[in-house]
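Asks: Numbering (my numbering), first residue to last: 20 to 151.
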């Protein structure tokens with residue numbers, strides 16, 4: 020995922036740590052990878068993915084964004100074999116909520132068709148599920 024932002028890499032790590040400490044993301048979720056890039060709309064861009072080391076550490080009765088029961092994480096094609104499982108949609112949501120809290124103008128995705136174009140767009144598209 021490409022994130023265009025005013026934040027630094029340290030800020031992204033702090034956002035992830037905050038979501039973990041608040042109990043929204045499991046402690047085994049980390050960046051895999053996090054790579055700095057240029058941006059034509061923001062001071063920085065980062066290519067990031069969230070990976071997890073444990074496939075079965077979801078809360079009991081966890082349901083995904085489609086309201087379907089999910090018992091384990093999905094396997095991903097990971098560069099790092101220690102983080103071979105995917106973060107859930109909800110974990111991504113809580114991480115992005117922290118990002119948008121720190122930088123409401125951040126953008127996820129491309130310039131022409133962003134997935135989330137700032138905090139208001141994120142909140143609208145996720146139906147305000149990730150309010151801090």
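Each residue gets a CB set at the ideal place from its N, CA and C atoms; glycine is no exception. Remember, it's a predicted structure, so these values are computed and weren't measured experimentally.
1) Do residue 92 and residue 74 come within 8 Å of each other at the CB atom, strictly closer than that value?
2) Are residue 60 and residue 122 touching if we call contact CB-CB under 8 Å?
3) Report the option in 64, 32 and 105 whose CA atom is closest to the CA atom of residue 124.
4) Residues in the same chain with beta-carbon distance under 6 Å from residue 151, minus the five sequence neighbours each way, listed in chain order, please.
5) Can you tell me whether DSSP reads residue 30 as helix, strand or coil?
6) So residue 84 and residue 108 are supposed to be a Cβ contact under 8 Å. How far apart are they, rounded?
7) Per the DSSP calculation, residue 127 is bridged to which residue(s)?
8) What is the rounded straight-line gap between the Cα of residue 31 and the Cα of residue 53?
9) So who's on the other strand from residue 95, going by DSSP bridges?
Replies: The structure says:
1) yes
2) no
3) 64
4) 116 and 120
5) helix
6) 4 Å
7) 22 and 135
8) 9 Å
9) Beta-bridge pairing links residue 95 to no other residue.
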